[in-house]
Every structure is written in structure tokens, then in C-alpha cells.
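Residue numbers (my numbering), protein chains in the order written: chain B, 1 to 323; chain Z, 324 to 646.
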């Protein structure tokens, strides 16, 4: 609080709260990069959060998530709602696809102050992407966004962790993509609240819808919600109002049943675990290791001189993290 | 060492070293479930590891990883090599697909003692799957397997972390699957050492091969290796000897350049970080929190009463993990 960063942090918080796009971008980057003052920034933004509704959109590559997110954002904007979009892309620096996609999409909404779009690309840090995405939702929430769309490829565990941040999860499927079975298996089936069959002008849509309803009919949810199936053609905007209505219905269901706080508590529990992991690692590295020591330990293990668990026990002991 | 588990741990180590399938299965499960004595087990197995060559096979859903892994395993078996296969499946308990696939595949090799196949399914624990897979490779290595195939869906960060365990990474692509571009973007492009175009009897194979070679021509690797492109039809076994030859060539390259120890050191450094994270979390939860306290903290955050970073700082302080 006494450091010079205090003053600029305060003005950053003011800028975010006023919905200033540059302040929002600056705050998300500061949290993403663990800049000094990041903890203080979250602490100051946090009291102004909790109002935004988080909509997660996920699906296999090629299901049309970006198109649908754009259409849904435009739908909410037409209702006068302020919208944030976080597009999480497991693209590597090798292709730079996230930045390109970001630029293209920003142009579509360039003249609209009520929408803010941010791409997040994987940094190769385990758990880092889910944490960074969670922090970005806090910033957008504090900036007064009514709806935050989180769009991510839904195949791996990392993406499932990201989707878990949302209040409602929408899973996109496409008929005849060759991977509908894989989508069923992707670990997001049981956390999807609304199903979308996109590109519904394709031939096999009816069959996929039937199969999906059979699978859904086999499961019972603890919250008594029966996930609806909505058909869309995102490139033409068809079915988008129906999707928004399905999302609203789910929101009314969980709020009516008093489940929203419970679901948020469950999500925060997971996020607290992630934060503890990352913070504890930072502390151990600072206290006992440093990059050089760690590299030396890794070499010993690679040569077979020491086993990995003994090394880790010693590092934790030196850092004062005792069993 | 004084506890009764000591004796059974010793016989378990003997069983694993003798290549006994039941002992191997028992040891992998013990490590997977963090059973008491797991650390001791790794400590005893570790001196007998370091000989196996780890081959990672990854690719989007529908590229034919399982078929190719089966064919490659059979190829190595025909050369008299002992083979372990770890099939990492992000399938949820919702479908039980991993177990079904496991049974089907075990039948194919049921009469062969020289091969051991193990499926690992996601447990919803962040970072847990990569750690469990790493531990399983140690067991199979100590059991005298010459080649360990690690097969996983390659889209998310979690899968990339799993692939990083391997000595050589093989990336499968298929023409016309509708997601070839996504496969290029999946963050595994730059860690793939050998590219396979599977289902090479499909029409668009030539075009995909050309595109791939253009993309590969744009990058230079620090280890001077130029990743080859091998065409296979896994269902018929076509191209499998050529794939094995490409893997051998890469192995000869890194061993000839003295890079194997360096690469293993880099991998161990990542795994040590993961282990520190998980162990430190366990310690913090044991020392300061417990599930009830954590749930209460999560409720406070969900209600907006406290910010998440302050909560985590306090929990770490109580656990004696200081900044």
C-alpha cells in the first residue's frame, strides 16, 4: 500500500469501474503476468464483482464457437446489455492464431463501447490458463459487464476447468463432423446445461438430436434441470434468440431454486485450491530452490541418482512446508 | 519402513521387476490413488528405471491413435521387445469408455506376456493425470519394458503435459477430418518430433502433406532435427515399419547429439514442479484447512464477503508457508 504502485493501482481500479477499455486491458494483463500489485488489484476490484452472469461456450474444434459467441454477443447488445467476451484458445505461439482471431473479431464490434473482447492463449503453465481466465472474469465483472461469454475448445481437462468458471455451460455439437461420439465422451457432457446443435442445416442433424436425447434421458441431475437441445445456424444467426432464451431459463431455474450461491461456492472452492497450489509453489521456489537449484535437482533425477519424490520432500522441508 | 506395509511393498517391487502383470497393475493403482507407502514404492522402483524408451502418440479425436498404437505395439513385439501401453483417455465416468476400450484391446494381446496395456481416465484433478501417467511409466520402466507407448488425445494443455513425458512425440493427423487446421494450432505442433498422416488412403492426403511440409519448413528446431512426415493406414498396418524407423532415427539423433540426458532433465524439471504443487497443496490443506474450512472460505468468497487472494494468503500463513 505504501509503494508507488498504489496510486496507479487506484486509478486503474477507477478506469476499470468506468468501463474504460484500455484500463480493462491493462488490468487483465497485470493479473495474467502476476505483476507486483496484482493481489492488491484483485482485492480492490473484488467488492465490485458478483453481478455479471457468466456464460461458458465449449465444443470440439470446428463446431463454430466463435461465430456463435459473436452472434450471441450481438443479441445481448441489442437488448442493451453490456457484454464481455473471453476467447480461450489453446493456440501456441507457433501460429499466433489467437491474436489474429482477436483482431478480426475486434473489427466487427470496433465502434461499440458496450462490448469488450479478450483472447487468452495458453502459456504452457499448468493451471495457469484457468486462473488467468478467472481473473479476467473478475475484471470484466467489476467493469460492469452484464454478460461475460467464455469461449473455449472443450476436449481436455484444462478446458473443463475453464468451463467450470461459468454460471451456465453451453456445449456445441455438429452433426457429421466425425467426432460427435468424442464430444459425448469429452467430460463436458455432465457439466453442460444447454446443448446446441450448430450448423443445423446439415443433413445428419436429426439423427444427432435423437442420439443426444437418448443419452440425456439416461442421466438425472441433482439440480432437477433437464438440459434443452437448441438448433442453430450461427453463420446466419438462426436459433440465437432461442439459445438466449434457454440460457435465461436455466438462470431462472437456479436462481429460483436458490442454487446460484451454492454453485458459486463450489466453483470458488476449486479456484481456491488452484490458487493455493500456485502460491505455495511460488513460495517453495523462492524459499528453497530458485531455477538453478531446481535444474540441478532435475539433472540428478534424469541421471537416476535420486528419486523424484525424495527430491520434492527435501525441497518442501527446506522451504518449511512440513508434513 | 517399520510399518507392516514394508514387507508387501518389497514383494510388490519384486513382482514389478519380474514383469508380473498383477504386480504392475497393483503398483500403478497404488501410485494413482496416493496410497500410504506410494512414496516408498517410487523410491524403491526408481533405481531400476531409465532404460525404457517412451513414445508419445497424440492427435485429435478420430485420427486413429488406438489402432496405430496397437499396430506399433505388435511391430515392436515381433522384434522381441517388451512393450507397455498407457492409453490416457479424457473420458468421464459418465460413459465409462476407457474401461470398455481397455477390455477390447486387452483381448487382442491377451495371450502375450510381453505386452502390458493400461488405461488412465481423467479424475478431475488438475495436473493429476499427467502425474499419474508419469508414475505409471516409472512402474512399466522398472518392469523391464523396452518401449512404453503413451497414447492421448492431443488438444488441451493437459494432454500436452502428458506428451511432454515422452522421449519422442508422434502427432497424428488425418486429411479431411475438418479439423486439420485445429490440429496445427493445438500447441503440440512444436513438440512433435514425427508427424503421421493416418488414413492415408483418403483423398485429401496429398494436400495435407503439402500444407504440413510448408508449415514445418517455416520452423527451425534447437536440436537440428527435421521432423519427418510418415503416411500410414493403421487399420491395415501400412506404414507402421516406416513409422518405427522414423522413431528409431529420432532416437539415434538425440542420443548421437548427447541430447537425451538434457531432454530428460528438462522433463523432470516440469514434473518436479508438478509434484511440488501437489505436495504443497496437500500440506496446506492438512495444516490449516481441511475440507470444511475450505468450503466455508469458498462460501465467503461466493457471497462477496472476502476476496479470494486474501483468503489464500491467510490459509498459507496459517500453514506456515510464508512469502
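C-beta: ideal position from N, C-alpha, C; glycine also.
Could you give the residue range of the alpha helix (DSSP H) that holds residue i?
i: residue 537 of chain Z; result: 528 to 540
i: residue 59 of chain B; result: Element bounds for residue 59 of chain B: not the alpha helix (DSSP H) but the beta strand (DSSP E), 53 to 59.
i: residue 599 of chain Z; result: 583 to 607
i: residue 291 of chain B; result: 290 to 302
i: residue 318 of chain B; result: 308 to 318
Name the residue from the options whose alpha carbon lies nearest to the alpha carbon of residue i.
i: residue 298 of chain B; options: Z/589, Z/332 and Z/340; result: Z/589
i: residue 137 of chain B; options: B/173, B/172 and B/83; result: B/83
i: residue 291 of chain B; options: Z/518, Z/544, Z/592 and Z/615; result: Z/592
i: residue 339 of chain Z; options: Z/540, Z/569, Z/587 and Z/465; result: Z/465
i: residue 225 of chain B; options: B/242, B/240, B/249 and B/213; result: B/249
i: residue 235 of chain B; options: B/309, B/274 and B/202; result: B/202
i: residue 531 of chain Z; options: Z/562, Z/496 and Z/403; result: Z/496
i: residue 276 of chain B; options: Z/566, Z/639, Z/581 and Z/563; result: Z/639
i: residue 190 of chain B; options: B/170, B/200 and B/199; result: B/170
i: residue 385 of chain Z; options: Z/475, Z/349, Z/341 and Z/371; result: Z/475
i: residue 467 of chain Z; options: Z/609, Z/604 and Z/404; result: Z/404
i: residue 555 of chain Z; options: Z/579, Z/609, Z/519 and Z/349; result: Z/519
i: residue 521 of chain Z; options: Z/374, Z/372, Z/632 and Z/390; result: Z/390
i: residue 470 of chain Z; options: Z/540, Z/392, Z/411 and Z/539; result: Z/392
i: residue 564 of chain Z; options: Z/397, Z/351, Z/356 and Z/387; result: Z/397
i: residue 65 of chain B; options: B/237, B/279, B/131 and B/25; result: B/237
i: residue 579 of chain Z; options: Z/334, Z/546 and Z/541; result: Z/546
i: residue 324 of chain B; options: B/34, B/58 and B/168; result: Any property of residue 324 of chain B remains undetermined from this structure, which presents chain B solely from 1 to 323.
i: residue 582 of chain Z; options: B/228, B/51 and B/302; result: B/302
i: residue 193 of chain B; options: B/23, B/205 and B/164; result: B/164
i: residue 50 of chain B; options: B/134, B/114 and B/58; result: B/134
So residue i contacts chain B; which residues on that side make the cut at Cβ distance below 9 Å?
i: residue 584 of chain Z; result: 299, 302 and 303
i: residue 639 of chain Z; result: 276, 279, 280 and 283
i: residue 395 of chain Z; result: Residues of chain B passing the Cβ test: none, with the nearest at roughly 21 Å.
List, in order along the chain, the chain Z residues whose C-beta lies closer than 8 Å to that of residue i?
i: residue 295 of chain B; result: 588 and 592
i: residue 212 of chain B; result: Within chain Z, no residue comes near residue 212 of chain B; the closest Cβ sits about 13 Å away, beyond 8 Å.
i: residue 216 of chain B; result: Residues of chain Z passing the Cβ test: none, with the nearest at roughly 11 Å.
Anything in chain B within Cβ reach of residue i, meaning under 8 Å, just list it in chain order.
i: residue 598 of chain Z; result: 308, 309 and 312
i: residue 488 of chain Z; result: Neighbours of residue 488 of chain Z on chain B: none; closest Cβ ~12 Å, over 8 Å.
i: residue 531 of chain Z; result: Within 8 Å Cβ-Cβ: nothing; residue 531 of chain Z doesn't reach chain B, min ~15 Å.
i: residue 495 of chain Z; result: What residue 495 of chain Z touches in chain B: nothing, since even the nearest Cβ is about 14 Å away.
i: residue 391 of chain Z; result: Ordered by position in chain B, no residue passes the 8 Å Cβ test against residue 391 of chain Z, which lies about 16 Å from the chain.
i: residue 472 of chain Z; result: The premise fails here: residue 472 of chain Z is roughly 20 Å from chain B at the closest Cβ pair, so nothing lies under 8 Å.
Compute the beta-carbon to beta-carbon distance between residue i and residue j, rounded to the nearest angstrom, for a pair I have assumed lies under 8 Å.
i: residue 379 of chain Z; j: residue 473 of chain Z; result: 5 Å
i: residue 166 of chain B; j: residue 54 of chain B; result: 4 Å
i: residue 439 of chain Z; j: residue 344 of chain Z; result: 6 Å
i: residue 42 of chain B; j: residue 31 of chain B; result: 7 Å
i: residue 312 of chain B; j: residue 544 of chain Z; result: Not really, about 31 Å apart at Cβ, beyond 8 Å.
i: residue 308 of chain B; j: residue 463 of chain Z; result: Residue 308 of chain B to residue 463 of chain Z, Cβ: 16 Å. No contact.
i: residue 277 of chain Z; j: residue 597 of chain Z; result: The structure shown does not extend to residue 277 of chain Z, since chain Z spans only 324 to 646, so no value can be given for it.
i: residue 320 of chain B; j: residue 295 of chain B; result: Incorrect: roughly 22 Å between the Cβ atoms, too far for contact.
i: residue 332 of chain Z; j: residue 367 of chain Z; result: 7 Å
Chain B partners of residue i, CB-CB under 7 Å?
i: residue 362 of chain Z; result: 309
i: residue 366 of chain Z; result: 307, 309 and 310
i: residue 373 of chain Z; result: 304
i: residue 463 of chain Z; result: Those within 7 Å of residue 463 of chain Z in chain B number zero; the least Cβ separation is about 16 Å.
Where does the unbroken beta strand (DSSP E) through residue i begin, and where does it stop?
i: residue 168 of chain B; result: 168 to 174
i: residue 553 of chain Z; result: 552 to 554
i: residue 577 of chain Z; result: Not the beta strand (DSSP E): residue 577 of chain Z falls in the alpha helix (DSSP H), residues 563 to 579.
i: residue 519 of chain Z; result: 517 to 521
In chain Z, what lies closer than 9 Å to residue i by C-beta?
i: residue 47 of chain B; result: 627 and 630
Which bits of chain Z does residue i rub up against, with CB to CB less than 7 Å?
i: residue 36 of chain B; result: Under the 7 Å cutoff, chain Z gives no residues; its nearest Cβ is about 12 Å from residue 36 of chain B.
i: residue 12 of chain B; result: Correct list: empty, because the minimum Cβ distance to chain Z is about 16 Å.
i: residue 57 of chain B; result: Within chain Z, no residue comes near residue 57 of chain B; the closest Cβ sits about 16 Å away, beyond 7 Å.
i: residue 243 of chain B; result: What residue 243 of chain B touches in chain Z: nothing, since even the nearest Cβ is about 22 Å away.
Please list, in chain order, the chain D residues whose beta carbon lies closer than 9 Å to that of residue i.
i: residue 54 of chain B; result: Reference to chain D is not applicable here, since the protein chains of this structure are B and Z.
Nearer than 7 Å: is that true of the beta carbon of residue i relative to any heavy atom of the ligand GDP?
i: residue 300 of chain B; result: You won't find the ligand GDP in this model; it holds no ligand whatsoever.
(request) Return the chain-ordered ranges of every alpha helix (DSSP H) run that is complete within the region 7 to 85 of chain B and spans a minimum of 4 residues. (result) Listed in chain order, they are 21 to 32, 38 to 45 and 65 to 78.
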